[in-house]
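Just so you know, the protein sequences line up as chains A, B, C and D, in that order. Reading the first sequence from the start, the letters are residues 0 to 122 in our numbering. Reading the second sequence from the start, the letters are residues 0 to 122 in our numbering. Reading the third sequence from the start, the letters are residues 0 to 122 in our numbering. Reading the fourth sequence from the start, the letters are residues 0 to 122 in our numbering. Here's the structure we're looking at; comments come further down.
There are 4 protein chains.
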Amino acid sequence: MKAIGRTLWAIAGGRIPLQSTGREPDFTSRDELSLLNTGGTEASVEITIFYADRDPVGPYRVTIGARRTRTVRINDLIDPEAVPLETDYAGVVESDLPIVVQFNRLDSRQAENAVTSTLAYPV
Amino acid sequence: MKAIGRTLWAIAGGRIPLQSTGREPDFTSRDELSLLNTGGTEASVEITIFYADRDPVGPYRVTIGARRTRTVRINDLIDPEAVPLETDYAGVVESDLPIVVQFNRLDSRQAENAVTSTLAYPV
Amino acid sequence: MKAIGRTLWAIAGGRIPLQSTGREPDFTSRDELSLLNTGGTEASVEITIFYADRDPVGPYRVTIGARRTRTVRINDLIDPEAVPLETDYAGVVESDLPIVVQFNRLDSRQAENAVTSTLAYPV
Amino acid sequence: MKAIGRTLWAIAGGRIPLQSTGREPDFTSRDELSLLNTGGTEASVEITIFYADRDPVGPYRVTIGARRTRTVRINDLIDPEAVPLETDYAGVVESDLPIVVQFNRLDSRQAENAVTSTLAYPV
């Protein structure tokens with residue numbers, strides 16, 4: 000199968016929930032970017048995080064193996080710096096090869112979890 | 000990074016939940032538009048709100064700094080007039096520069112919160 | 000403002016939850032199509048409902064006033080026939096003028112509600 | 000009505016929740032792909048599942064009758080092999096005729112269910 004998707008994607012409504020309820024890591028509140036690389040070559044991805052009141056931070060570098068999917072917890076991005084919790088952010092994903100990007104959130108701040116998922120914007 | 004996205008976006012399923020449960024402002028029920036401006040120039044945005052039974056209201060004017068993201072709570076739009084709660088509305092977002100728009104809702108009318116998020120329609 | 004959007008849209012994951020918890024109509028479980036007509040002329044819309052095991056039913060006819068939004072509860076579509084609960088369906092929305100279509104669900108089968116929303120597919 | 004949609008779709012954030020709460024099958028945690036075939040000819044669909052750490056598996060073959068919708072629970076895909084629970088995956092849907100694809104999740108791991116739905120990526 001050839002590489003499908005786009006090389007530039009964006010999501011605009013990021014905000015990692017502050018608290019979590021339930022055992023880790025399954026019920027840890029988080030934002031995630033799920034990245035699919037259907038092609039036969041490893042893809043090199045750079046994620047840039049935008050904020051409301053300061054300059055963007057990045058790139059966070061990630062690779063996705065050939066014919067693999069990879070879910071990146073925004074909570075786990077630490078180099079060049081961690082993404083703060085309960086803070087509005089947006090993300091731009093640039094890849095050297097076409098990929099497909101979906102955004103997911105698990106919010107377990109209260110006793111019961113809440114989930115949402117949306118296709119990222121394919122630029 | 001250049002400005003990515005579109006200059007005209009729409010969402011069609013707005014409705015701010017009436018009640019909230021939990022401490023403000025984190026658990027306040029709300030609808031939000033998250034606006035990302037990746038470009039190097041401040042973007043001027045006009046939001047128009049459409050209703051089921053009366054003429055549209057607007058524009059609500061918002062700016063987004065260069066290389067910044069901004070989350071607008073529909074609950075907080077008050078000029079030219081506040082958007083009523085528990086009332087169906089739709090929104091059109093026009094920007095002088097390309098941006099990316101995502102729609103989010105937190106519904107905490109009952110004890111546990113519910114969340115949803117969707118990409119706006121890129122016209 | 001001119002009419003924005005498309006004249007043909009589809010959603011594929013419909014299923015009206017069977018039970019509801021909480022006072023009607025705010026917490027009634029439902030699927031909804033939200034339709035935005037930004038243009039200066041009333042739009043005539045035909046909705047066709049597809050099923051897993053029988054022929055499609057429709058058209059259900061709806062109008063959307065000029066510069067108005069309208070939220071159609073699938074639960075309320077009764078002519079030519081009601082859409083059964085807890086049954087998979089899909090919907091195609093055809094309009095004589097460009098509109099924007101978003102799909103929403105409120106699921107209050109259990110004590111706490113769950114919500115989701117997604118842009119329909121713009122054909 | 001003619002066949003509408005695309006012949007190639009992808010979703011990138013799959014993960015079937017491990018536990019379920021509530022009576023089966025209505026409240027069973029699941030991921031679903033909803034497939035709409037508006038055309039007058041049966042569509043033959045092949046689903047390929049991608050993983051984080053091993054080669055993709057498939058095709059899983061499904062047919063959708065003429066002018067029918069079909070909801071495929073990922074939990075029920077067993078040939079060539081079952082999709083493991085609580086494991087990140089992505090899916091590519093290839094059809095010989097245009098279809099519309101939507102992704103849905105019901106997460107009932109805790110007492111109250113959570114739902115999300117998003118349009119798949121139309122390649």
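For every residue, glycine included, the Cβ atom is placed at its ideal position computed from N, Cα and C. The structure presented is a predicted model; accordingly, all values stated were derived computationally and were not measured.
The beta carbons of B:L76 and B:R29 sit no closer together than 8 Å. Counting only runs that start and end inside the region 16 to 96 of chain B, there is no alpha helix (DSSP H) element of at least 4 residues. In this structure, the beta-carbon distance from D:A9 to A:R69 does not fall below 8 Å.
Taking a cut-off of 8 Å on C-beta distances, the region 80 to 89 of chain B does not touch the region 54 to 69 of chain A, as fewer than three cross pairs fall below it. Chain-order list of chain D residues neighbouring A:R60: empty, with the shortest C-beta distance near 17 Å, by a criterion of under 9 Å. Here DSSP, grouped into helix, strand and coil, assigns B:A2 to coil.
In this structure C:G90 is buried. Its beta-carbon is surrounded by 16 or more other beta-carbon atoms within 10 angstroms.
With its beta carbon less than 8 Å from one in chain C, D:V114 belongs to the interface. For the pair C:E45 and C:L34, the Cα-to-Cα distance works out to about 12 Å.
With its beta carbon at least 8 Å from every one in chain A, B:N74 lies outside the interface. Taking the Cα of A:V71 as reference, the smallest distance to any Cα among A:G38, A:Q101, A:T40 and A:D87 is reached at A:Q101. For B:A119, the secondary structure class from DSSP, reduced to helix, strand or coil, is coil. Neighbours of D:I77 in chain A, taken as residues whose beta carbon is under 8 Å from its own, are absent, since the nearest beta carbon is some 20 Å off. Listed along chain C are I3, G4, L35, T37 and V99, each with a C-beta nearer than 8 Å to that of B:A9.
Listed along the chain, the chain D residues whose CB falls inside 8 Å of the CB of A:E31 are G12.
The straight-line gap separating the alpha-carbon atoms of A:P58 and B:A2 is approximately 17 Å. Each residue's CA atom was taken as its position, placing B:G13 and C:N103 some 10 Å apart. At a cut-off of 8 Å between C-beta atoms, A:T68 counts as an interface residue with respect to chain D. The Cβ-Cβ distance between D:I63 and D:E41 falls below 8 Å. The residue among D:L96, D:M0 and D:I15 with its C-alpha nearest the C-alpha of A:V114 is D:I15. Put simply, of B:Q18, B:N36 and B:V122 the residue whose alpha carbon is nearest the alpha carbon of B:P97 is B:N36. Taking 8 Å as the cut-off, the beta carbon of B:P121 is found no closer than this to the beta carbon of B:R22.
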